[in-house]
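*Asks:* Handing you a structure now.
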Amino acid sequence: MTDAEDRPDFLETADGRRIAYRRTPDAGAGAPGVVFLGGFRSDMTGTKAAFLEERCRARGRAFLRFDYTGHGQSSGRFEDGCIGDWLRDARDAIAALTEGPQVLVGSSMGGWIALLLAREAPERVAALIGIAAAPDFTLDGMEAAFDEAQRQEMARTGRVALPSEYSDEPYVITRRLIEDGRDHLVLRAPLPLPFPTRLLQGSADVDVPPERARILFDHAKGPDIRLLLVKGADHRFSGPRELRILDETLEEAIAAAREAGR
Numbered sequence: 001m002t003d004a005e006d007r008p009d010f011l012e013t014a015d016g017r018r019i020a021y022r023r024t025p026d027a028g029a030g031a032p033g034v035v036f037l038g039g040f041r042s043d044m045t046g047t048k049a050a051f052l053e054e055r056c057r058a059r060g061r062a063f064l065r066f067d068y069t070g071h072g073q074s075s076g077r078f079e080d081g082c083i084g085d086w087l088r089d090a091r092d093a094i095a096a097l098t099e100g101p102q103v104l105v106g107s108s109m110g111g112w113i114a115l116l117l118a119r120e121a122p123e124r125v126a127a128l129i130g131i132a133a134a135p136d137f138t139l140d141g142m143e144a145a146f147d148e149a150q151r152q153e154m155a156r157t158g159r160v161a162l163p164s165e166y167s168d169e170p171y172v173i174t175r176r177l178i179e180d181g182r183d184h185l186v187l188r189a190p191l192p193l194p195f196p197t198r199l200l201q202g203s204a205d206v207d208v209p210p211e212r213a214r215i216l217f218d219h220a221k222g223p224d225i226r227l228l229l230v231k232g233a234d235h236r237f238s239g240p241r242e243l244r245i246l247d248e249t250l251e252e253a254i255a256a257a258r259e260a261g262r
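Mapping of the sequence shown onto full-length UniProt numbering: position 133 corresponds to residue 133, and the numbering continues sequentially without gaps.
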């Protein structure tokens, strides 16, 4: 792929956001298309996003991947963002760049975003695939793990820096991120998922432990929800075996969505 082919397009929003995206058009496969929703501090160049784009292109299927604001090549600063902002980015990208019901594939935080989208507009969702989905992680994963010094730091400065296994730079967690996260929880109220839903989870995931997948599985209500626990897979879920499972799951979910008339 040339540099020109690899450069993203940009969606300019009415309020000045500039969302970087790559879109593969439908080339004969027909609906539904596929939308990849990335994780916290990830971007659309990751292994899973690129793999899904290649597989969709090979099958003539529409595909969309994009960067939330403050991520990748989109506008804004990461530290200024929160779940509600990134949900709005996803909502705007899907509204402007896709047609009809879509298969939402959400990785980690993207799984939370996918669930929020599904809750507010289930008619736009043909199927949903969560990869180590992390709903409510700002409360259950971050805030719940703060020690007393971090709580005091947050109260005093409005921010806490946490170490990252994926970057030399620490994560800066802001008061706005934590408070906004409380406004977007999905595990504290009914969560209907009236479409094929597939939850993929690695047994060796230390960032989103397997019990979190079970909590989501038990909490969500729907006619066709399945949880697959993959022994030895970690949070990235991007080795050859895991990508093969993801590909097979996507095709099975699309077939189930069509059978269900979605």
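Note that the Cβ used here is the ideal one computed from N, Cα and C, for glycine as well.
In this text, all values refer to a predicted model and were calculated from it rather than measured experimentally.
1) Among the residues of its own chain, which have a CB less than 7 angstroms from the CB of G100, if the five just before and after it don't count?
2) Leaving out five residues on either side along the sequence, give the residues of the same chain with a beta carbon under 6 angstroms from the beta carbon of P163.
3) May I have the straight-line CA-CA distance separating G46 from A58, to the nearest angstrom?
4) DSSP state of F137, grouped into three classes?
5) For L191, does the three-state DSSP call read helix, strand or coil?
6) Assuming the contact rule is C-beta atoms closer than 8 angstroms, L117 and L97 should be a hit. Round their C-beta distance to whole Å, please.
7) Taking the alpha-carbon positions, what's the P194 to W112 distance?
8) Report buried or exposed for E53, applying the criterion of at least 16 other Cβ atoms within 10 angstroms of its Cβ.
9) Suppose you measure from the CA of E251 to the CA of E153; what does that come to, to the nearest Å?
10) Is K221 helix, strand or coil by DSSP?
11) Where do the ends of the alpha helix (DSSP H) carrying Q152 lie?
12) Return the bridge partner residues of F51 from the DSSP annotation.
*Replies:* The short version:
1) For the purposes of this step, residue 100 is identified with residue 100 of the sequence shown, where counting begins at 1. Hits under 7 angstroms: A31, P32.
2) For this step, residue 163 is matched to residue 163 along the sequence shown. Correct list, in chain order: P170.
3) Within the sequence shown, the letter at position 46 stands for residue 46. Within the sequence shown, the letter at position 58 stands for residue 58. Across the structure, G46 and A58 are spaced so that their CA atoms are roughly 19 angstroms apart.
4) As a position in the sequence shown, residue 137 is number 137, starting the count at 1. In the structure shown, F137 sits in a helix (DSSP, three-state: H, G or I).
5) Here residue 191 is taken as the residue at index 191 of the sequence shown, counted from 1. Residue state, collapsed to three classes: coil.
6) Here residue 117 corresponds to residue number 117 of the sequence shown, with the count starting at 1. Here residue 97 corresponds to residue number 97 of the sequence shown, with the count starting at 1. About 14 angstroms separates the two Cβ atoms, so there is no contact after all.
7) Numbered from 1 along the sequence shown, position 194 holds the residue referred to as residue 194. Numbered from 1 along the sequence shown, position 112 holds the residue referred to as residue 112. Distance between the alpha carbons of P194 and W112: 16 angstroms.
8) As a first step, residue 53 must be located in the sequence shown, where it is residue number 53. Classification of E53: buried, given that the 10 Å Cβ count is 16 or more.
9) Residue 251 sits at position 251 when you count from the first residue of the sequence shown. Residue 153 sits at position 153 when you count from the first residue of the sequence shown. Distance from the CA of E251 to the CA of E153, rounded to the nearest whole angstrom, comes to 47 angstroms.
10) As a working note, residue 221 is residue 221 in the sequence shown. The answer is strand: DSSP assigns K221 an E or B state.
11) To locate residue 152, count along the sequence shown from 1; it is residue 152. Element bounds for Q152: 148-157.
12) Reading the sequence shown from its first residue, position 51 is the one you call residue 51. F51 pairs with nothing; no bridge assigned.
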